[in-house]
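Asker: Basically our numbering = 1-based index in the sequence shown + 57. Just so you know, even glycine gets a beta-carbon here, dropped at the ideal spot from N, CA and C.
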Amino acid sequence: MTGDAVAVIVDEWPLVRVGVAQTLRARGVRVLAEVARGDEAVHLAATGGGTLLFLGLVHDTAPSELVRRAVAAGVVVVALVDHVSRDELAGMAGHGVSALLLRTVSAEELGDALNRIGRGERVIAPALLPLLVGAVTTGVDEGGLTRKEREVLARLADGMSNREIAEALYITPATVKTHLAHIYTKLGVANRQEALARAVALGVLS
58 MTGDAVAVIV DEWPLVRVGV AQTLRARGVR VLAEVARGDE AVHLAATGGG
108 TLLFLGLVHD TAPSELVRRA VAAGVVVVAL VDHVSRDELA GMAGHGVSAL
158 LLRTVSAEEL GDALNRIGRG ERVIAPALLP LLVGAVTTGV DEGGLTRKER
208 EVLARLADGM SNREIAEALY ITPATVKTHL AHIYTKLGVA NRQEALARAV
258 ALGVLS
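1. Excluding sequence positions up to five away, which residues of its chain have a Cβ less than 6 Å from the Cβ of D139?
2. Quick check on the DSSP output: what are the complete alpha helix (DSSP H) runs of length 4 or more inside the stretch 216-257, in order along the chain?
3. How would you call G131, buried or exposed, if buried means at least 16 neighbouring beta carbons within 10 angstroms?
4. Can you tell which of E208, G148, V99 and L112 has its C-alpha closest to the C-alpha of V77?
5. Can you grab the Cα-Cα spacing for the pair K205 / A254, in whole Å?
6. Please confirm if the stretch 143-157 is in contact with the stretch 118-126, defined as three or more CB-CB distances below 8 Å between the two stretches.
7. Kindly indicate which residue of A214, I66, V73 and T80 has the alpha-carbon position closest to the one of L167.
8. Let me know the secondary structure DSSP gives E97 once reduced to three states.
9. So, for R173: in the same chain, excluding its five sequence neighbours on each side, which residues have a beta-carbon less than 7 Å away from its beta-carbon?
10. Do you know offhand how far R212's Cα is from L114's?
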């Protein structure tokens, strides 16, 4: 997601805004504005031709409400979060945020997230996945997962190894591997972390 992208950056910390702006400009993204207030950022993005909103630390309006307004205006939202509650994370995800990243994200990770968003993926930082399991319900297709595959995913979200999953579900480790292979194929992912992120985005895990 570069080229024609136009970004508005909002964060109460000027250095954060500067760092994000430098990263975006290096990738060919035009920065429309860097502001400290959420309401102003959404207004600028919605009325000034912005296509991306980088939502950092703000206190004037709840982040989930800012996500709702921005997405309703056709703006893609990337949230950079720190100490945010599970309910607030779920609210942002439920309102259509395209990425939930940590405020400590590196320039390389941010660039990768933009690439994935451009491919139509939702990006969730691995550290945030445990907070979102069971908190996001999107009502979209669950990728054709069977009941047993969802059970394996749930154990995966608990951090279990293949052997532990096998013991918990009374199946063999080889069967767990087979289920995981099917899960990866159906969700279009390559590993456990991606599977969990995709499952959370779809609201599969509960």
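Answerer: On the basis of the data shown:
1. R160
2. 219-226 and 230-244
3. exposed
4. L112
5. 19 Å
6. yes
7. T80
8. helix
9. V180
10. 33 Å
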